[in-house]
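Okay, so the sequence shown: first residue is 55 according to the numbering used here, each after it adds one.
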Amino acid sequence: MDIDLVRLRFDSQGLWLLNLVIGLVMFGVALDLKVSDFKQIWAKPLAPVTGIVAQFILLPAFTFLLTLVLNISPSLALGMILVAACPGGNLSNFLTHLARGTTVLSVTMTAASTALAILMTPLNLAFWGSLRSGTAAILRDVRLDAWDMLGTIVVILGVPLAVGMLVAWRIPRLAMRLHHPFKVFSILFFVLFVGFVFSRNFDLFVNWIGWIALAVALQNAVALGLGYYSGSLVGLSQADRRAISIEVGIQNSALGLSLVFTFFEGLGGMALIAGWWGIWHIVTGLPLALYWSKNPPTTLAPESTDR
Numbered sequence: 055m056d057i058d059l060v061r062l063r064f065d066s067q068g069l070w071l072l073n074l075v076i077g078l079v080m081f082g083v084a085l086d087l088k089v090s091d092f093k094q095i096w097a098k099p100l101a102p103v104t105g106i107v108a109q110f111i112l113l114p115a116f117t118f119l120l121t122l123v124l125n126i127s128p129s130l131a132l133g134m135i136l137v138a139a140c141p142g143g144n145l146s147n148f149l150t151h152l153a154r155g156t157t158v159l160s161v162t163m164t165a166a167s168t169a170l171a172i173l174m175t176p177l178n179l180a181f182w183g184s185l186r187s188g189t190a191a192i193l194r195d196v197r198l199d200a201w202d203m204l205g206t207i208v209v210i211l212g213v214p215l216a217v218g219m220l221v222a223w224r225i226p227r228l229a230m231r232l233h234h235p236f237k238v239f240s241i242l243f244f245v246l247f248v249g250f251v252f253s254r255n256f257d258l259f260v261n262w263i264g265w266i267a268l269a270v271a272l273q274n275a276v277a278l279g280l281g282y283y284s285g286s287l288v289g290l291s292q293a294d295r296r297a298i299s300i301e302v303g304i305q306n307s308a309l310g311l312s313l314v315f316t317f318f319e320g321l322g323g324m325a326l327i328a329g330w331w332g333i334w335h336i337v338t339g340l341p342l343a344l345y346w347s348k349n350p351p352t353t354l355a356p357e358s359t360d361r
């Protein structure tokens, strides 16, 4: 069974539901954001800029190199590139707090990467996907228009982000009450959704689980390492490094899955990579955060980044 030719069974109603839930998740994330979170980037730019560079430049570049080293099928490779092009996931703020990292840095990066994803996700996918013949052929076959993808991301991410921040500003008590339930709901829904997709395509998943698990595990390890050591390279505190590591290692794979079904007709390898990422980054991120929670950083996490 050629995974580059298989399309996962998924209907338009399911895609509509997925996009609706992603919008609600982003609304929930935005309930915890303030305009001052964006101002942190201008006031103390080193840590958030380091994280953004690791997120949108280093991770896609290293992911592309990893696809060459693994020499995997084009749809799996393009799925990895797509996940690398997505912004940080909403679970990262909770895990950073648990890991005794700089929570305000994590929140700032989540806000900035979500806003930047409107432009950077389609550009990264189009650029890195075009550099390998097999992935470039897929992009040509679907006639991917980066501007169409940009418009879709604006609707899925940008609008809920703006509305959530408006609610947090105008009705802060409501925002505080809704924030935690939305976060729990988003995790539960995505795990159930991925399980549903895998169950409907169980034979394909079983046949390719080896390559999928290997590719995702290596990419996730690279993401966590890039976040941590890019912070080390510029001399950030250990708490800041933990925050950046988790932010880069926890990707918004739900957005990736939505884009696969919207623009690539559920292409098998891409969808399975994005879906498995959504499970695997919890499998690695939670134990790492628990380990760090028992090992305080050499300098305690400040209220704001120290640079």
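Ideal Cβ positions, reconstructed from N, Cα and C, are used throughout, including at glycine.
Since we're looking at a predicted model, the values are computed, not measured.
Checklist entry - In terms of alpha-carbon separation, which member of P176, F236, G183, I57 lies closest to I207? => result Taking only the C-alpha atoms, the option nearest I207 is P176.
Checklist entry - Ordered along the chain, which non-local residues of its own chain (more than five positions away) have a Cβ less than 7 angstroms from that of D360? => result Residue placement at D360 is poorly supported in this model, since its pLDDT is 46, which falls under 50; the coordinates still yield a value, given next. Around D360: S291.
Checklist entry - Does the count of Cβ pairs from the segment 270-280 and the segment 69-88 closer than 8 angstroms reach three? => result The segment 270-280 vs the segment 69-88: no contact.
Item to check | Any non-hydrogen atom of the ligand NAD within 8 angstroms of A131 CB | outcome: No copy of the ligand NAD occurs in the structure displayed, which carries no ligand at all.
Next on the checklist: Taking only three categories from DSSP, how would you classify G142?
Outcome noted: G142 carries a strand assignment under DSSP once its states are collapsed to helix, strand and coil.
Next on the checklist: Just verifying my parser: in three-state terms, what is the DSSP assignment at R186?
Outcome noted: Reduced to three states, the DSSP call for R186 is coil.
Item to check | Three CB pairs or more closer than 8 angstroms across the segment 294-302 and the segment 146-161 | outcome: Verdict: yes, contact present.
Next on the checklist: Let me check one thing: in DSSP terms, what residues is R61 bridge-paired to?
Outcome noted: Answer is L321, bridged to R61.
Checklist entry - Under 9 angstroms, do F116 and A139 count as touching if we go by C-beta distance? => result Taking the C-beta atoms as reference points, A139 is found no nearer than 9 angstroms to F116.
Next on the checklist: Can you check which of these residues, N306, A328, Q305, is closest to V314 by C-alpha distance?
Outcome noted: Residue nearest to V314 within the set N306, A328, Q305 is A328 (criterion: CA-CA distance).
Checklist entry - Where I57 and P350 are concerned, what is the direct C-alpha to C-alpha distance, given to the nearest angstrom? => result The alpha-carbon atoms of I57 and P350 are separated by roughly 45 angstroms.
Checklist entry - How about Q305 and P141: do their beta carbons lie closer than 9 angstroms? => result At a Cβ-Cβ threshold of 9 angstroms, Q305 and P141 count as neighbours.
Checklist entry - How many angstroms separate the CA atom of H234 from the CA atom of S187? => result Between H234 and S187, the C-alpha separation is close to 44 angstroms.
Checklist entry - Per DSSP, which one or two residues make a beta bridge with Q305? => result DSSP, once it has assigned bridges, lists G142 as partnering Q305.
Checklist entry - Hey, how far is the Cα of P356 from the Cα of M163? => result In this predicted model, P356 has a pLDDT of only 46, less than 50, meaning its place in the structure is not dependable enough to derive any value.
Checklist entry - CB-CB under 7 angstroms to V60, same chain, minus the five flanking residues each way: which ones, in chain order? => result Same-chain partners within the cutoff: L258, G322.
Checklist entry - G320 to L62, Cα distance in whole Å? => result Rounded to whole angstroms, G320 to L62 spans 5 angstroms at the Cα level.
Checklist entry - Less than 9 angstroms separating the beta-carbons of A153 and S347? => result Yes, the Cβ-Cβ distance between A153 and S347 is below 9 angstroms.
Item to check | Residue environment, W223, which counts as buried when at least 16 other CB atoms sit within 10 Å | outcome: Classification for W223: exposed.
Item to check | F367 and A325 closer than 9 angstroms at C-beta | outcome: Residue 367 is absent from the model: the chain starts at 55 and stops at 361.
Item to check | Runs of alpha helix (DSSP H) lying entirely within the segment 161-238, each at least 4 residues, in chain order | outcome: With a minimum length of 4 residues, the continuous alpha helix (DSSP H) runs that stay inside the segment 161-238 are 187-195, 200-207, 213-224.
Item to check | Which of helix, strand or coil DSSP assigns to N349 | outcome: Here N349 carries a coil assignment [DSSP, helix/strand/coil].
Item to check | Option in L78, W70, G68 with minimal Cα separation from V217 | outcome: Nearest option by C-alpha distance: L78.
Next on the checklist: Given this structure, state the Cα-to-Cα distance separating W330 from R231, to the nearest angstrom.
Outcome noted: Computed Cα separation, rounded: 31 angstroms.
Checklist entry - Roughly how many whole angstroms lie between the Cα atoms of H335 and A293? => result Approximately 20 angstroms between the Cα atoms of the pair.
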